[in-house]
Amino acid sequence: MNELSYYEQKTKNIHNRLGISRPARLLLKAIDDLQSGALEESELRRMIRLSPRYRNVISQTISDIADFILNHPEESKTGAILIQLLTRILQVADGVFEPMLPFMKFPREVRDLIYYYYLHCRYGEHKIMWTNKQMALSEVCKAIREDFMAVFYRENKFYFNCTCEMDYFIKNNKDLQRNIVSIKVHWCGPRADKAFQALKTCPNLKQMVVVPSAATTRHLVPRQQVFNRFFAHTSRPRLTDALGMDELITLRGIHTVSVQHVPGRQGQKRTNEELANLNEILQKYVKQDKDVGYGEQIDS
Numbered sequence: 165m166n167e168l169s170y171y172e173q174k175t176k177n178i179h180n181r182l183g184i185s186r187p188a189r190l191l192l193k194a195i196d197d198l199q200s201g202a203l204e205e206s207e208l209r210r211m212i213r214l215s216p217r218y219r220n221v222i223s224q225t226i227s228d229i230a231d232f233i234l235n236h237p238e239e240s241k242t243g244a245i246l247i248q249l250l251t252r253i254l255q256v257a258d259g260v261f262e263p264m265l266p267f268m269k270f271p272r273e274v275r276d277l278i279y280y281y282y283l284h285c286r287y288g289e290h291k292i293m294w295t296n297k298q299m300a301l302s303e304v305c306k307a308i309r310e311d312f313m314a315v316f317y318r319e320n321k322f323y324f325n326c327t328c329e330m331d332y333f334i335k336n337n338k339d340l341q342r343n344i345v346s347i348k349v350h351w352c353g354p355r356a357d358k359a360f361q362a363l364k365t366c367p368n369l370k371q372m373v374v375v376p377s378a379a380t381t382r383h384l385v386p387r388q389q390v391f392n393r394f395f396a397h398t399s400r401p402r403l404t405d406a407l408g409m410d411e412l413i414t415l416r417g418i419h420t421v422s423v424q425h426v427p428g429r430q431g432q433k434r435t436n437e438e439l440a441n442l443n444e445i446l447q448k449y450v451k452q453d454k455d456v457g458y459g460e461q462i463d464s
C-alpha cells in the first residue's frame, strides 16, 4: 500500500475533495499515529470497541468514497488508499490485525545497529550501487524512513560530480541535509558559491574532500569577471579567483578536510603547488569552531 500520511492528506486537501466527515478524519489520524508508533494498537482497538458509532462511520465513509470514485475516476488511487486505511482500522478492532514488532520502541542504539547491518555488506568494503530493493526499508513508514535515512546518510561518503549537483541535493533532500557527515565534491560549475554556502546548513558535516580541476576556474568570482573585461589576462586563472573560494574558506566545524587531484578521465589536473596551497588554507580555516548563528539565513 502506498504511504499517504495524515499530514499529506491535509496538505493536499484530500478530506475536503472527497467529503470525508470529521469523525472519519479522526480515525484516519488514529491509524496514521499507529503506523508512526505514536499510538498503541490496544488504544486504537479500545477506541473502536467503546464507541460503536465509529464502525458505522467507517462503513459509511468507505461507501461514500466508493461512490465518489465512480463519479471521479481520477481520484481512484487516493480513494483506494483511504479505503485500505479504514479497513485496517477494522482489522485492528476485530483483533485480526497482524501483530507488529514494536521496532520503534527499541533503544536508538539498537535500531542504528540493525540499520548498519542492513546497509553494509558482510564481505568487506567495496563499491555499492543501491537498488530500490535494498532501500525498501525507507518505504515502510514515515518514522522508520526518517530513522533509517539518518543512518544511511551518516554511514556513507557521498561523491558529487559538480557543485550544482551538490547544491540541488542539499536544498531538496532534507534527510541528506540534516544527516550527511562525509562528502567528496568536484569543484566546478556555475553554482559553486551557492553550493559551498549551502554546506553551512548541514549540521553534522564532519569530513570533506575537495577535488579541483582546470574546470574550477571556468567560472570566476564576480569581481574578477569585471576586471577581465577591462584588463588583459593571458595567464591561467588563479585558483583563488574561482567562484566559490570565498564561501569555501568560510566553512567551519569540519573535522577532516583534504584536497585531491581530479582523475585524468574526468578533467585536467591543477598543479601540485595549487593543491598544496588550497589544502593549507582549508586546514587553517574550515576546522575552526562554528560561530553563533552559523548556517542561519542562507540565501538560495
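Residue numbering for the sequence shown follows the working numbering, starting at 165 and increasing by one per position.
For every residue, glycine included, the Cβ atom is placed at its ideal position computed from N, Cα and C.
These numbers come from a predicted model, not from an experiment.
Judged by DSSP secondary structure, V349 falls within the beta strand (DSSP E) whose first and last residues are S346 to W351. Looking at D405, D276 and A188, the one whose alpha-carbon comes closest to that of E319 is D276. The Cβ neighbour count for T420, taken over all protein chains shown within 10 Å, is under 16; the residue is labelled exposed. Residue pairing by DSSP places F322 opposite I347 in a beta bridge. By DSSP's assignment, M299 forms no beta bridge with any residue. Around the CB of Q361, 16 or more other CB atoms lie within 10 Å, so the residue is classed as buried.
Taken through DSSP and simplified to helix, strand or coil, S185 comes out as coil.
Secondary structure within the stretch 374-407: the alpha helix (DSSP H) runs of 4 or more consecutive residues, fully enclosed, are 386-394 (chain order).
In the same chain as A230, and ignoring 5 residues on each side of it, the C-beta atoms closer than 8 Å to its own belong to G243 and I247, in chain order. Excluding residues up to 5 positions away in sequence, C305 lie with their Cβ nearer than 7 Å to the Cβ of Q199 in the same chain. Under the 8 Å Cβ criterion, the stretch 366-383 counts as touching the stretch 425-439, having at least three qualifying pairs. Runs of the beta strand (DSSP E) lying entirely within the stretch 420-450, each at least 3 residues long, are 420-423 in chain order. Apart from sequence neighbours up to five positions away, the residues of its chain that approach A314 with a beta-carbon distance below 8 Å are D339, R342 and N343, ordered along the chain. Straight through space, the alpha carbons of I253 and S223 are spaced by roughly 11 Å. A194 and V221 do not touch by the CB rule: their CB atoms are close to 12 Å apart, not below 8 Å. Boundaries of the alpha helix (DSSP H) harbouring A230: R217 to N235, taken from the DSSP string. Counting every other CB atom within 10 Å of its CB across the protein chains shown gives H350 a total of 16 or more, marking it as buried. About 6 Å separates the beta carbons of L384 and A406, which is inside the 8 Å limit, making them a contact pair. Comparing C-alpha distances from G417 to each of M372, L250, I308 and K454 shows the shortest one belongs to K454. Put simply, of Q424, T365, C326 and H284 the residue whose alpha carbon is nearest the alpha carbon of K335 is T365. Here H179 is near L192, since their CB atoms are less than 9 Å apart.
In this structure, the alpha-carbon of V373 lies about 13 Å from that of E444.
In terms of Cβ geometry, K370 and D331 do not form a close pair [threshold 9 Å].
When only Cα atoms are considered, R217 and M211 end up about 11 Å apart. For K174, the enclosing alpha helix (DSSP H) begins and ends at Y170 to T175. Measuring C-alpha to C-alpha distances from M409 to each of Y280, P427 and L442 identifies L442 as the nearest. Residue state for Q248 is assigned as helix, using DSSP reduced to three classes.
In this structure, the alpha-carbon of R429 lies about 37 Å from that of E310. By the neighbour-count criterion, in which a residue is buried when 16 or more other Cβ atoms sit within 10 angstroms of its Cβ, D196 is buried. A straight line joining the alpha-carbon of C328 with that of A356 spans about 7 Å. Around the beta carbon of S185, fewer than 16 other beta carbons lie within 10 angstroms, which makes this residue exposed.
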